[in-house]
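Peer 1: Going left to right, the sequence shown walks through residues 304 to 405 as the numbering used here numbers them.
By construction, the Cβ of each residue, glycine as well, lies at the ideal position given by its N, Cα and C atoms.
Here it is, the structure, as structure tokens.
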Amino acid sequence: PFLAAAVLGARINVANMQGDWVLIPAGFFVTFLGYAIADVTALVFRPAPELRPALRVAIAHPNAFAMPLLLLTYLCERPAVKDEFSGDADKCVADAAAKLCL
Numbered sequence: 304p305f306l307a308a309a310v311l312g313a314r315i316n317v318a319n320m321q322g323d324w325v326l327i328p329a330g331f332f333v334t335f336l337g338y339a340i341a342d343v344t345a346l347v348f349r350p351a352p353e354l355r356p357a358l359r360v361a362i363a364h365p366n367a368f369a370m371p372l373l374l375l376t377y378l379c380e381r382p383a384v385k386d387e388f389s390g391d392a393d394k395c396v397a398d399a400a401a402k403l404c405l
């Protein structure tokens, strides 16, 4: 987790946030939708009351970064994508990973 924070945090800046502003409200919407789905799931399956908070978090935030990072690594190794970054796959992954946090 600390390595991910160090890599991603170094790339976040105002210019990136201004360029990809739509990701911020979209992230809030997806999270809200996840919690709503979790509440409906709890109504249907009626888990024990002490499990409900864990259920809500598990449904609302499933692998928020793990799967996208795996996909980004794979895509940045492809020649067509790597060429956009002057053949530097590491720069491609770093830039793409930073945009995941916006």
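1) What do you get for F400, buried or exposed, if any count of 16 or more other CB atoms within 10 angstroms of its CB means buried?
2) Candidates V333, A361, C395, P350: which alpha carbon is nearest L373's?
3) How would you call A383, buried or exposed, if buried means at least 16 neighbouring beta carbons within 10 angstroms?
4) Taking all protein chains shown into account, decide if L375 is buried (16 or more other Cβ within 10 angstroms of its Cβ) or exposed.
5) Which of helix, strand or coil does DSSP assign to V343?
6) Going by the beta-carbon positions, is the gap between A363 and A345 smaller than 7 Å?
7) For D393, which residues of its own chain have a beta-carbon under 7 Å away from its beta-carbon, when the five flanking residues on both sides are left out?
Peer 2: Quick answer:
1) Note that residue 400 is Ala in the sequence shown here, rather than Phe. The residue is buried, with at least 16 neighbouring Cβ atoms inside 10 Å.
2) C395
3) exposed
4) Its Cβ being crowded by 16 or more others within 10 Å, L375 is buried.
5) helix
6) Not in contact: A363 and A345 (Cβ atoms no closer than 7 Å).
7) Correct list: empty, nothing qualifies.
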